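A quick write-up on the structure given underneath.
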Amino acid sequence: MATAQASEAETGTIVNDFVLHVATANGSGSQTSNMVLLRALFGMGIPVSGKNLFPSNIQGLPTWFTIRANGDGWIARKQDADVVVCMNSETSDEDVATAREGAVLIYEDTLGLADKRPDCIHYAVPFKKMIAECCPDLRLRKLVINMLYVGVCAQLFGFDMEEIKKALGKQLAGKQKAIDINLPALEYAYKWAEENLKKSDPYRVERMAANDGKIIIEGNAAAALGLMFGGVTVVTWYPITPSSSLCEYLEEYLNRFRMKDGKKTFAVVQAEDEIAAVGMLAGAGWAGARAFTSTSGPGISLMNEFIGLAYFAEIPFVICNVARTGPSTGLPTRTMQGDIISLFYASHGDTKHVVVIPSTPKEIFEMAGEALNLAEELQTPVFILSDLDLGMNYWMSDRFEYPTEPFRRGKVLSSDDLEKLGGKWGRYADVDGDGIPYRTIPGTDHPRAAYFTRGTGHTPQATYSEKPTDWKNNMDRLSRKFETAKTMVPKPEIKDDGHAVGLLYFGTTHEAIREACVKLDTKHNLKLDLCRLRAFPFTQEVEDFLHKHERVYVVELNRDGQMRMALNAELPRFSTKLHSITHYDGMPLTADEVVEALVKREREI
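With my numbering, you'll find the sequence shown wraps up at 601, consecutive numbering, no jumps.
Written out as structure tokens, the structure reads:
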């Protein structure tokens, strides 16, 4: 029987507001069980998020999955857990330490945790004994045992069992044998909990209607869909965590939805390394393909020389950097916003790149297609700055809208265009004064369509030149193109109510900032205006926001305040207004961390 060991029994019921933290071993099949819980909560209409904390080996080391359910829609990470499920003997002491005072502990009864954390509510469950009774196949027990805690949680907290079963069916779609193995264990555990556990905790879930019109999806899957709808035709990639699943999803979707008369209308190449991948990318972009690759920080480091070539030779392609913790190998399965400077100014010499910065799955879906457009319009590499938190974790999202606008391919000369020009054109000539030249696609049927693509000094007509004036004029033109990009990239999302203090942020800090601002207002009477950056170069709206405020805090997930550094470099007259709030332990940001940092900094002023 369960016993409430908290010093003071909690009498009030807490509905649709808890953090569930599950501790298991990597490779034990726990992902299926955790996703069943997440999808069931979502199916009941309760706002949720799921964050997977896993090791960078293949199998065996500890792994954790955290579900936050909140009826008010707050889905950012929280530091302390309300319910902890301990299924890993190696980390059980560490796991129970993550629970807050008064939290619920559910664990294998042989772990000997009854005397640990007397300030918590304990449910000791004989999972090993139960799995032996409900799963006769010894080989399958280690994979099915995790479904038992799903049944226990479902009974204790009032999950709708129909939603649990529906979630199991969705998670194991097309695998009826696996469903037939897991479902009896799930039902067995539910019945066991009903007969053997006396509920002594305050947590309960109840159906609501907050998720109408929404989906659950990973950012990498959303990006892949956006690229497919955006017309990508060539994908060259090399596996690296946490970006690998993006190209895996993309290849899957292309094979399902982009086959014409049974034939592929695309090419996906897994290269031998990142250098080969970006080299192929440059070749494909030069040839007129909508070309894409995904990578992470170490891959960006290896790709720098080809990125510089594409910038200078003006070859369009798109790279999505799903950032992880660096430098070096770092922490491959933790998140960070540490590649800002390395993307904005990638490669040697004077380079500045266009970068779009999504915060949500819907945004990365939209920005993936837009990045392909911008790359061709600006004839340059365009980057999507994502991170592990967005890419590999599970987010609620509004449904995606089917794109209706035609692809924007920019200044491409056809054979008819060349004929009208009498064949007189310059590949690197600034005809329109916006820094963007005209180009032809290889194979254009005109004798004057060809040109030399150069990574060396060149004239407007693409002939080789080492003249100082030619070099300077070309670099100045590239600067004009970057200025033009400011009018084309996604604008920031701004909330300006005329307060003295501003907060500037970007990417996956969005949910934590959203929640923190309410806490700062209601608990500390600290009111803030907000600017969520969505692209580099910084648009006029960013400059206006900085101008209006006495001080602006820049919140980011890196040690050195890289976005603040970029703002200082691009908009130096505002440098004295900028203050950094940094978070760099590899974990997603929490609202409480933002509140604590801001209150402390404001008191110091």
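We put the beta carbon where it would ideally sit given N, CA and C, even for glycine. Values in this document were obtained by computation on a predicted structure and should not be read as measured data.
For R599 and H575, believed in contact at Cβ under 8 Å, the rounded distance = Actually they do not touch by this definition, with Cβ atoms about 13 Å apart.
Exposed or buried, which one is A306 when buried takes at least 16 other CB atoms within 10 Å?
-> The residue in question, A306, is buried, as its Cβ has 16 or more Cβ neighbours within 10 Å.
Compute the Euclidean distance between the alpha carbons of A496 and L524, then round it to the nearest angstrom.
-> Distance from the CA atom of A496 to the CA atom of L524, rounded to whole angstroms, is 8 Å.
S85 beta carbon less than 8 Å from that of L49 = It is not a contact, given that the beta carbons lie outside the stated cut-off.
Using the C-alpha atoms, what's the distance from L109 back to T89?
-> Rather than Thr, the amino acid found at residue 89 in this sequence is Asp. Rounded to the nearest angstrom, the two C-alpha atoms are 8 Å apart.
Residue interval of the alpha helix (DSSP H) (run including L417) = Segment: none, L417 is in no alpha helix (DSSP H) and carries neither H nor E.
Alpha carbon to alpha carbon, what distance is there between K112 and V352?
-> Straight-line Cα distance between these residues: approximately 48 Å.
Give the DSSP-derived three-state secondary structure of W70 in the structure shown.
-> Coil at W70, not helix or strand.
Count the other C-beta atoms from every protein chain shown that fall within 10 angstroms of the C-beta of V378, then say buried if there are 16 or more, exposed otherwise.
-> Under this definition V378 is a buried residue.
How many whole angstroms separate the CB atoms of A93 and D78, which I take to be in contact at a CB cut-off of 8 Å?
-> Rounded, the Cβ-Cβ distance is 14 Å, inconsistent with contact.
Does the Cβ of I601 have 16 or more other Cβ atoms within 10 Å, making it buried, or fewer, making it exposed?
-> Counting every other CB atom within 10 Å of its CB across the protein chains shown gives I601 a total below 16, marking it as exposed.
Reference L208; option with closest CA among D105, T62, L139, M40 | The sequence shown places Asp at residue 208, rather than the Leu named in the question. Comparing alpha carbon positions, the residue from D105, T62, L139, M40 closest to D208 is M40.
Are the region 416 to 426 and the region 388 to 405 touching, with three or more C-beta to C-beta distances below 8 Å?
-> When C-beta atoms of the region 416 to 426 are compared with those of the region 388 to 405, fewer than three pairs fall below 8 Å, so the two segments do not count as touching.
Span separating the alpha-carbon of N178 from that of T59 = One Cα belongs to N178, the other to T59, and the distance between them is close to 21 Å.
Buried or exposed for Q75, please, with buried defined as at least 16 other CB atoms from any protein chain shown within 10 angstroms of its CB.
-> Exposed.
Alpha carbon to alpha carbon, what distance is there between A285 and F262?
-> One C-alpha to the other measures close to 9 Å.
Can you find at least 3 beta carbon pairs, one from the region 8 to 16 and one from the region 197 to 214, that sit closer than 8 Å?
-> The region 8 to 16 makes contact with the region 197 to 214: 3 or more CB pairs, one atom from each, lie closer than 8 Å.
Considering only C-alpha positions, which residue in the set D68, E244, L250 is nearest to A205?
-> Nearest Cα to A205 within the set D68, E244, L250: D68.
Does the region 368 to 377 come within contact of the region 250 to 268, defined as at least 3 CB pairs closer than 8 Å?
-> They do not touch, by the three-pair rule.
Residues that DSSP places opposite I602 in a beta bridge | Lying before the first or after the last residue shown, residue 602 is absent from the chain, which here runs from -3 to 601.
Shortest alpha-carbon distance to L414 belongs to which of T62, R405, T436, V427?
-> Ranking T62, R405, T436, V427 by Cα distance to L414 puts T436 first.
How long is the line joining the alpha carbons of G165 and G295, rounded to whole angstroms?
-> Taking the straight line from one Cα to the other gives about 37 Å.
Have a look at the DSSP bridge pairing and note the partners of E489.
-> Note: E489 sits in a beta bridge opposite R528.
Beta bridge counterpart(s) of N251 as assigned by DSSP = Paired residue(s): none; N251 is not in a bridge.
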